[in-house]
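Heads up, the sequence shown is in this note's numbering, so the first residue is 11 and it goes up one at a time.
We put the CB at the ideal spot given by N, CA and C, even for glycine.
Since this is a predicted model, take the numbers as computed values, not measurements.
Accompanying notes for the structure given below.
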Amino acid sequence: MVHWISCLETDSEVKTFEYTSENGRDDGRFCSIDVVLLNGFRVRHRLRLEGESDDSEPPRNNLSRPDSPIETRIYTDKDLQPLVGPSLRWLKPIAFAAALRKSEYPRQTLILLDYFKHHHSGEVGQLLKEPLLAVYDPALVLGLVARLAIKGYIQLHLGTSIFGYKTPWSLYVKEN
């Protein structure tokens with residue numbers, strides 16, 4: 011779950027991902043995930059325990075474009091340990107975003123994007139006081155904030171506290 015939250019669901023560079031059964035193995039020793047990044051690059055994430063040998067064949071590309079190159083990134087329990095705390099703090103915003111899964115809310119999303127563009131940073135609670143947003147259910151606004159953070163429009167700073175009104179946010183600036 012830590013890998014899913016930190017390296018897939020909340021990574022704004024990840025476009026899609028699919029869990030795969032590599033080489034017909036289903037023994038639970040490791041898990042493979044085929045990932046497509048926003049830039050079109052394809053990566054395979056492999057999960058396994060620290061110190062466990064990898065005696066499998068070289069990775070085959072199970073993605074829709076079998077001719078594209080595939081890089082393999084291996085994640086062990088030791089690699090994921092520092093991500094446990096931040097991953098747990100992401101559970102609440104993911105739940106808010108998931109509640110809106112079947113709806114788009116374009117008007118409210120555009121209001122939020124305009125607010126982010128003009129303010130650059132702040133606290134989540136300030137958004138709920140914005141007159142154009144105050145007319146909507148707070149759960150809807152929080153869900154859209156979480157969705158926009160997951161998509162990479164803003165960053166939620168969940169380093170030391172859980173998602174709530176005092177959670178700092180900032181406009182996402184992509185580093186080259």
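For residue i: DSSP bridge partner residues
i       : result
His-55  : Ile-43 and Arg-83
Tyr-146 : According to DSSP, which records beta bridges pairwise, Tyr-146 is partnered with nothing at all.
Val-24  : Leu-47
Ser-187 : The first residue shown for the chain is 11 and the last is 186, placing residue 187 beyond what the model contains.
Thr-30  : Ser-42
Span separating the alpha-carbon of residue i from that of residue j
i       : j       : result
Leu-154 : Ala-107 : 6 Å
Phe-27  : Asp-44  : 6 Å
Ile-15  : Asp-124 : 27 Å
Phe-173 : Gln-165 : 12 Å
Leu-59  : Leu-98  : 20 Å
Tyr-29  : Ser-42  : 6 Å
Tyr-175 : Gly-132 : 10 Å
Lys-88  : Leu-47  : 24 Å
Ile-121 : Tyr-163 : 13 Å
Gly-135 : Thr-177 : 8 Å
Gln-118 : His-130 : 18 Å
Cys-17  : Leu-143 : 31 Å
Glu-114 : Glu-62  : 43 Å
Sub-8 Å separation of residue i and residue j beta-carbons
i       : j       : result
Val-94  : Val-24  : no
Arg-54  : Ile-80  : yes
Leu-168 : Val-151 : no
Trp-100 : Thr-20  : yes
Arg-56  : Ile-84  : yes
Supposed contact pair residue j and residue i - C-beta distance, whole angstroms, cut 8 Å
i      : j       : result
Pro-96 : Ala-159 : Contact flag wrong, Cβ pair sits at about 13 Å.
Ser-22 : Lys-127 : Rounded, the Cβ-Cβ distance is 17 Å, inconsistent with contact.
Quick check on the DSSP output: what are the complete beta strand (DSSP E) runs of length 3 or more inside the region 80-138, in order along the chain? 80-86 and 131-133
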